[in-house]
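K.L.:
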Amino acid sequence: MTELLSVSNLRLYYRTTKGVVKAVDDVSFNINRGETLAIVGESGCGKSSLSKAIIRLLPRNVHTYEGKVLLNGTDLMSMDEETFRKEVRWRKISMVFQGALNALNPVLKVGYQVAEPLIIHMGIKEKEAIERAKEILVKLGLSEEFAERYPFELSGGMKQRAVIAMALITSPDLIILDEPTSALDVITQANIMNMLKELKKSREQTFIFITHDISVASELADKVATMYAGQIVEIAPADTFYEEPLHPYTQKLMKSVPTLRRDKTLESIPGAPPNLIDPPSGCRFHPRCERAMDICRKEDPPIFERGHSVKCWLYR
Amino acid sequence: MSVSEYTLKGIFKELMRYKSALVGLAILAFLVILSLYALIFTPYSQAGEIWNDQNRWLAYPRNAAPEWYNFFSSKKLPPSILIGEGLPNHESEEVERNGYRVITYLDSFTYNYDDFPSELVLLINTTYFGSPPTVKVYWVKPSGEELNLSTYRPRNISESIYISNNIMLERELEEYAIDKLGFTPNYTITIPVALFMEYKGEPTAMKGNYKFKVEVTLYNRSDTFSYRLLMHGKVYGIAGTDIYRRPLELGLIWGAPVALSFGIVASVTITFVQLIFAAISGYYGGKVDSLIQRLTEIYMILPFLPFVVMISLLYGLDIWRLLLIIIVLSIFGTSVKTYRVWVMQLKTSPYVEAAIAYGASNLRIITLYILPRILPPVVPSLVLSIPSYVFLEAALAILGLSDPKVVSWGRIIEEAFAGGAVYKGYYHWVLIPSAMLILTAISFALIGLALDRIVNPRLREM
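Chains as they are written, first to last, in the numbering used here: chain G, 3 to 318; chain X, 772 to 1233.
(1) How many Å lie between residue 2/G and residue 266/G at the Cα?
(2) With DSSP as the reference, label residue 931/X as helix, strand or coil.
(3) Specify the secondary structure class of residue 859/X as computed by DSSP and reduced to three states.
(4) Tell me where the alpha helix (DSSP H) around residue 1180/X begins and ends.
(5) Under a three-way DSSP split, which group does residue 775/X fall into?
(6) Between residue 999/X and residue 862/X, which are expected to be in contact by the criterion C-beta below 8 Å, what is the C-beta distance as a whole number of angstroms?
(7) Let me check understanding here. Comparing Cα to Cα, which of 843/X, 878/X, 989/X and 969/X lies closest to residue 898/X?
(8) Is there at least one Cβ from chain X nearer than 8 Å to residue 64/G's Cβ?
(9) Alpha carbon to alpha carbon, how far is residue 955/X from residue 1005/X? Give it in angstroms, no decimals.
(10) Helix, strand or coil for residue 144/G, going by three-state DSSP, please let me know.
(11) Could you tell me whether any Cβ in chain A is nearer than 8 Å to the Cβ of residue 1127/X?
(12) Kindly list the residues whose CB is nearer than 6 Å to the CB of residue 896/X, restricted to its own chain and excluding five residues on each side of it in sequence; keep chain order.
(13) Classify residue 87/G: buried if its beta carbon has 16 or more other beta carbons within 10 angstroms, exposed otherwise.
(14) Opposite residue 919/X in the DSSP bridges: which residues?
(15) Check whether chain X comes within 8 Å of residue 160/G, counting only Cβ atoms and requiring the distance to be less than that.
(16) By DSSP, does residue 937/X sit in helix, in strand, or in coil?
(17) Is it true that the CB of residue 26/G sits closer than 8 Å to the CB of residue 48/G?
(18) Exposed or buried, which one is residue 248/G when buried takes at least 16 other CB atoms within 10 Å?
(19) With a threshold of 7 Å on Cβ separation, who are the neighbours of residue 1158/X within its own chain once the five nearest residues in sequence on each side are excluded?
(20) For residue 88/G, decide whether its Cβ has a neighbour in chain X, counting only Cβ atoms nearer than 8 Å.
(21) For the ligand ATP, is there any heavy atom lying closer than 7 Å to the beta carbon of residue 1201/X?
(22) So what does residue 1024/X bridge to, in DSSP terms?
(23) Run through chain G and tell me which residues come within less than 7 Å of residue 1143/X, C-beta to C-beta.
(24) Would you verify that the beta carbon of residue 118/G is, or is not, closer than 8 Å to some beta carbon of chain X?
(25) Count the other CB atoms, across all protein chains shown, that sit within 10 Å of the CB of residue 296/G; report buried if there are 16 or more and exposed otherwise.
(26) Check this for me: beta carbons of residue 1130/X and residue 299/G, under 8 Å apart or not?
(27) For residue 294/G, which residues of its own chain have a beta-carbon under 6 Å away from its beta-carbon, when the five flanking residues on both sides are left out?
(28) Whose CA, out of 920/X, 1199/X and 952/X, lies closest to the CA of residue 938/X?
(29) In chain X, which residues lie less than 9 Å from residue 309/G when you measure between Cβ atoms?
(30) Which same chain residues, not among the five before or five after residue 1015/X, have their C-beta less than 7 Å away from its C-beta?
(31) To which residues of the same chain is residue 1218/X closer than 8 Å at the C-beta, ignoring the five residues directly before and after it?
(32) Step through the CB atoms of chain X and report whether any lies within less than 8 Å of the CB of residue 227/G.
(33) Closer than 7 Å by C-beta to residue 268/G: which residues in its own chain qualify, once you throw out the five before and the five after it? Chain order, please.
(34) Which residue marks the beginning of the beta strand (DSSP E) containing residue 979/X, and which one marks its end?
(35) Report yes or no: do three or more beta-carbon pairs, one from the stretch 808-819 of chain X and one from the stretch 1012-1028 of chain X, lie closer than 8 Å?
(36) Mind pulling the chain X residues with CB within less than 8 Å of residue 99/G?
Take a look at the structure:
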């Protein structure tokens, strides 16, 4: 398997009136072609910022944006904004947004919107592009007539499919799915997940799947990364991740997942996620960690390899 | 708020449900038809010239009230009456006396009004060799008295004789009337009064059958002669006439396209330029934003009216240059700030972010994603601001900054003030053009308010 995306030492800091928010702090990982990497973590841990840093969709108040992002060996960080827009966005990397239900322009017809990346990037004529959009909508289980409808006429699941169709239409190398099923009911969620699995198999599509829901991530992921306070604390192949997570934070996360019809007290993690403006010294998880040691308070742990990568002093 | 109603068709359909909007649309349709009529039958470039040409309006009475004035007044005012050649009740008899042709014409007409005509004009067409014909004019009142209206010798082929301006005749007739009355009345006896009066203390017209007699002596066999008598009335047409005899209805019709186009062009251009500035300012932010916002603030402080007055006084602008100045002075208005806020709000919405992610260009995002969303709430304010520009044009005209080559409602009002219409009692001259301005305002206000109710979610009726 060839390496598709390699991210190393990626940093994204925001400037706010209260100080610098270290939303993504020294993140490294890589993904092979056809693989799916799930990134899990609590709200506010920097998952969405990471996805935005990869597709370079930055707000105005960026303080630091640095690191190395290689896609197929091409350095994305050295590209200027205009080249990046034309060459990378949607041609190479596309994205399904968090809150995809609002990601459609209410005044444009669905078919036209799904076709829009083709019109913009491939210079394909509107009519042909809309035909291709219809094909892809049909593949995703929406009938052709929906192309002629406006977004408000579609249900949540249909909109989600349309948004995924939009991400697929240019056949990008990488699709970032940012909480694609969070706002949907379980049946629709299952539907969409099955569809994504099908896509993964048939097209050998590479995904980065960002979610706060570990159980949903297990459906699709080949590798799972846990993010905490702007850092990736553990990356493991899916099987080991769910069977024997190493990092205390991941372990806690696993215990907080509800199980159907089994009497189990759900565990929560005491305390709140740390403030990213002034993160705790040493290991960022230590104030909430039951197994914290002296060294945890003082020194930031490096990444240890114990079958897979984990960023914890326990595995020294 | 569903989106289907944001299509043009949807909004229009919704609009038809409001009765007030229907009334507004009806008035607007009337104004548009008036404008089209004006533009089709009198090219815009000629209207002003015709209006300014005083010789064109001689056949109209001076300062006549509108005809419908009679419905509201117990004292009936006469319209213009024309008698003579080619009109009914015109008889002639030719005899030869001393070898000359002597023709006696007799016209009769019925007069049933309470007031007097304003002027009497004898329009003569004649051809002659050598000596011009001698025209003796007589007047027979219903009471049977015959008055001699003097003798005239027309020297031109076509000549207008203002009988009512003949001072000698006026004095004679006045003496005759005072003689008949037995006292000097407290009203002035002008020629029309003397010719039509009942001999009473109050000025009232004698009703009944009048006769107009003309005795012409032609000194050559081949000489020809014909005449018409025009008695200018005191009512005319739908809107009356002004001091220069111009029928105001024509001025009002010719003013309609000017008012509508001035208001609509100003409002639409200003709104769209403001929208574009707001979109650039809100979308790009940073230095461009600061520049546009500071400019807007400077513009907000500049006194608008004194600026317009100063510029048009200095440069003597015609109406379309004036419009341009108004547009230039308004494009950085307060609305730029309002629209900018909307743009900034939309800019952070998920679908705009998505569009940025899939590589839509800035231009595309502004035109396809942002502007269509802020357009609906902008349209009502656009419609509502049209009358203010119509009024502005009128206000500038009243300040004496009107374009003398263009007929506009404001200019008619200004001329009315200059002509002393209000204190002389020619109310129609001021009130009718003012009513047109108000009608225009009401029309756009009704449409605009209904539109506002449709597209503004806070005002929606549940």
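Glycine is no exception: its CB is placed at the ideal position from the N, C-alpha and C atoms.
P.N.:
On the basis of the data shown:
(1) Given that chain G is displayed from residue 3 to residue 318, the structure contains no residue 2/G and the question cannot be resolved.
(2) strand
(3) coil
(4) 1180-1189
(5) The predicted position of residue 775/X is uncertain, since its pLDDT is 44 and thus under 50; a value taken from the coordinates is nonetheless stated next. In this structure, residue 775/X counts as helix in the three-state DSSP scheme.
(6) So it is not a contact: roughly 15 Å between Cβ atoms.
(7) When each option's Cα is compared against that of residue 898/X, the closest is 989/X.
(8) no
(9) 25 Å
(10) coil
(11) Reference to chain A is not applicable here, since the protein chains of this structure are G and X.
(12) 929 and 997
(13) buried
(14) 909/X
(15) The beta-carbon of residue 160/G is placed no less than 8 Å from the nearest beta-carbon of chain X.
(16) In this structure, residue 937/X counts as coil in the three-state DSSP scheme.
(17) yes
(18) In summary, residue 248/G is buried, with 16 or more beta-carbon neighbours lying within 10 Å of its beta-carbon over all protein chains present.
(19) 1034, 1211, 1212, 1215 and 1216
(20) Chain X contact via Cβ: present.
(21) In the structure shown, the ligand ATP is absent, as is every other ligand, since no ligand is present at all.
(22) For residue 1024/X, which the question treats as bridged, DSSP gives no partner whatsoever.
(23) 109
(24) Look at residue 118/G: its C-beta is under 8 Å from a C-beta on chain X.
(25) exposed
(26) no
(27) 288
(28) 920/X
(29) Taking a Cβ-Cβ cut-off of 9 Å, residue 309/G has no neighbours in chain X, whose nearest Cβ is about 36 Å from it.
(30) Excluding residues within five positions, the ones whose Cβ falls inside 7 Å are 825 and 828.
(31) 786, 792, 795, 796, 799 and 1154
(32) no
(33) 258 and 260
(34) 979-989
(35) yes
(36) 1121, 1124, 1125 and 1128
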